[in-house]
Amino acid sequence: MSKVVLGGGLGGLAAAHYLTKKAATQTLTLIESSSRTGGWIKTNLQENGTVFEQGPRTIRPRGEAGSNTLELVEELNLTDQIVPLVSSHPAAQNRMIYANGSLHLLPSSLFGLFKKQEPFTRPLVLHLLNDLKAKKKSVQDESIYEFVDRRFGREVADYLISPLICGICAGNAQEISVKFLMRKLFEYEQQYGSISKGMVQNFSLKSKKATALNGLVLKAKKEKWNIYSFISGCETLPLALKESILKNNVNLKLNSECTSMTIGQNNVTLHLSNKEVITADYLISAIPARNLGMLLQKQYPDLAHSLLNLVKNVSVAVVNLEFKNDLIINSAFGLLVAPKEELPVLGVIYDSCCFPKENGGTVLTVMMGGYWFEKYFGKNPSEKTLLDVALNQVKQILSIHDIPVKSKVNILHHCLPQYVVGHDDHLNEINNYIKTHQLPISLCGSSYYGVGINDVIMSAKSAVNKLIFR
Ligand SMILES: Cc1cc2nc3c(=O)[nH]c(=O)nc-3n(C[C@H](O)[C@H](O)[C@H](O)COP(=O)(O)OP(=O)(O)OC[C@H]3O[C@@H](n4cnc5c(N)ncnc54)[C@H](O)[C@@H]3O)c2cc1C
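Going by my numbering, the sequence shown opens with residue 721, and the numbers climb by one from there.
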């Protein structure tokens, strides 16, 4: 029995890890086109100990998927590497929005909902109460922006949801599917007529379901972790996964791009850029849907068409900055910019507020572009241009005029998937095709079931379970 996992990002590494646990005797190959594993997760540790994250920087411990990641972290013996941010910390409570030319603190308590706080022209609670009056609209799916505008009003759509979507996937809320990204809220309206009614119903159901917690999941709950990372940054996780799969004799092939693929009823043949040919009886694909679509165009044009059109990935410029002095006046997780401002910046993360350095100083990450990358930067901006733009934005928004002691610019081309309206249906079509044609493949990774680290790991676990129960 031989299996192959295609793609050595977090999804592929997690799939290989779960496969070695389920069936230790099989031959397992992991194929990755680049010279390293980890995909978008990359930590640049500076000589002075500063952590510059190029991709993800924090993980949420909550929910089923959050618990699953914590279990994995524990299994990989990474517990003592964790740095948590607890809920009472200002960086966990405070989130800023840049709108109408200035910075505003979002309400973080029940009391805050009753106060009129800019950029909103009335207390947020009144917007929320709007949901009780708003008529139900029966739809298959719609954009998050339209949904929120209908139920809570334009200001919530512009100043809360649109910046939030920039923070989640660097996307345009007017295109992202509410059914996919805020499934519960969407279902509440469809099922109960309003979100508030749905929440009340769900609360009574939820309080009946108590699950036993233990290990790191219990510790995170008891200590009220809001988010966490690792002492040496997020890349700690894929590095530990790599070590674990190598120990379990997974055949890891780096610098090996899959350039073509043939799928039979009971086997899959992959042709690699180094001329090697790999045949296996099952494939877990952990590469972006678009890349898989291109590989299947000749043999399965319908499936390839669905895969190619499932998600469009947007590019992000990530600029890490370190300043000698403490320059952040109000501690917070960071700020998000309302797209209405028409600025090239999506948001700024206050890394040194979340995880302060021993000897002080300020570390920030400026995220730019996303859905609007080409509009602001064209196709191929230079690192110097991006650094200048980032510094100007930091000056304008945060009044930071200092010159950074360290900086790093990375352009992440096509890094974040956009789950546009209809994503759920397209995903079902793809899964039905694979099932009906009994193809020996399953899919995981950020193109399909969510962009967060937790979602990607969960998708890898499900892909492995599909194979086991085949
Ligand atoms: C800037 C940024 C910030 C983020 N912040 C957070 C955060 O704070 N918290 C959080 O939870 N999540 C965050 N995320 C999301 C998370 O990091 C990603 O969703 C996740 O890492 C994606 O993993 P993946 O394995 O699905 O994909 P990838 O990382 O894209 O891995 C796919 C791999 O497949 C390989 N590949 C592609 N085609 C082929 C081929 N033909 N042959 C062989 N190999 C191939 C690629 O080289 C790559 O290594 C962030 C993402 C980005 C980009």
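Built from N, CA and C at the ideal position, the CB exists for glycine as well. Note that this is a predicted model, so its numbers are computed, not measured.
**Identified DSSP bridge partners for Trp945** = Val806
By the 10 Å Cβ neighbour count, where 16 or more other Cβ atoms means buried, how is Thr740 classified, buried or exposed?
buried
query: According to DSSP, is His1157 helix, strand or coil?
result: coil
- In the DSSP assignment, find the alpha helix (DSSP H) that holds Phe831 and state where it starts and stops. 830-833
(request) Report buried or exposed for Thr799, applying the criterion of at least 16 other Cβ atoms within 10 angstroms of its Cβ. (result) exposed
(Q) Let me check you understand the geometry: is the CB of Cys1135 closer than 6 angstroms to at least one non-hydrogen atom of ligand 1? (A) yes
DSSP three-state call for Glu773: helix, strand or coil?
strand
Return helix, strand or coil for Val988, following the three-state DSSP convention.
-> strand
Item to complete: With a 10 Å radius around its C-beta and 16 neighbouring C-beta atoms as the bar for buried, classify Thr956 as buried or exposed.
Response: buried
Pick out whichever of Tyr1169, Leu1136, Pro1160, Glu752 has its Cα sitting closest to the Cα of Asn1148.
Tyr1169
* Asked: Straight-line CA distance for Lys962 to Asp851?
  -> 47 angstroms
Exercise. Report all residues from its chain with a CB closer than 8 angstroms to the CB of Met902; omit the five preceding and five following residues, and keep chain order.
Key: Ile864, Phe867
Any heavy atom of ligand 1 closer than 6 angstroms to the Cβ of Leu825?
-> no
Just mark Gly1067 as buried or exposed, buried being the case when its beta carbon has 16 or more other beta carbons within 10 Å. buried
Which word fits Asn1040, buried or exposed, when buried means at least 16 other C-beta atoms lie within 10 angstroms of its C-beta?
-> buried
>> Assuming contact is defined by CB atoms lying nearer than 7 angstroms, are Met1087 and Val1036 in contact in what I supplied?
In response: yes
Coarse secondary structure for Glu1042, derived from DSSP in three states: strand
Quick one: what's Tyr1002 bridged to in DSSP?
Lys723
**Message:** Using DSSP's beta-bridge definition, name the partner residues of Leu972.
**Reply:** Leu750
**OP:** Give the C-beta separation of Leu1063 and Met816 to the nearest angstrom, bearing in mind that I take them to be a contact with Cβ-Cβ under 8 angstroms.
**Re:** Not confirmed; about 14 angstroms, so no contact.
ask   = Going by other Cβ atoms of all chains shown within 10 Å of its Cβ, with 16 needed for buried, is Gly786 buried or exposed?
value = buried
request  = Give the DSSP bridge partners of Cys978, in chain order.
outcome  = Leu992
task: Can you tell me the Cβ-Cβ gap for Leu833 and Pro827, rounded? I've got them flagged as a contact below 8 angstroms.
output: 5 angstroms
message = Am I right that Gly727 and Ser993 are in contact with their C-beta atoms under 8 angstroms? What's the rounded C-beta distance?
response = Actually they do not touch by this definition, with Cβ atoms about 14 angstroms apart.
inquiry  = Are the CB atoms of Ile998 and Thr749 within a distance shorter than 7 angstroms?
reply    = yes
- With DSSP as the reference, label Arg815 as helix, strand or coil. strand
Practice problem: Ignoring anything shorter than 4 residues or poking outside the segment 1030-1090, list the alpha helix (DSSP H) runs there in chain order. | Solution: 1071-1074
- Looking only at C-alpha atoms, which of Phe900, Pro843, Asp861 sits nearest to Glu875? Pro843
Cβ-Cβ distance between Asn1130 and Gln774 below 7 angstroms: yes
Open item on the list: Three or more C-beta pairs under 8 angstroms: does that hold for the segment 1020-1033 against the segment 788-808?
Closed with: no
Among Phe1097, Lys1077, Gly935, Lys1115, nearest to Asn797 - alpha-carbon criterion = Gly935
query: By the 10 Å Cβ neighbour count, where 16 or more other Cβ atoms means buried, how is Asn1174 classified, buried or exposed?
result: buried
Ala1006 CB to nearest heavy atom of ligand 1 below 6 angstroms
yes
Keeping to the same chain, check which residues put their C-beta closer than 7 angstroms to that of Leu823; ignore five residues upstream and five downstream. Met816, Leu1055, Ile1117
task: Kindly indicate which residue of Leu966, Lys856, Gly1098, Asn814 has the alpha-carbon position closest to the one of Thr757.
output: Leu966
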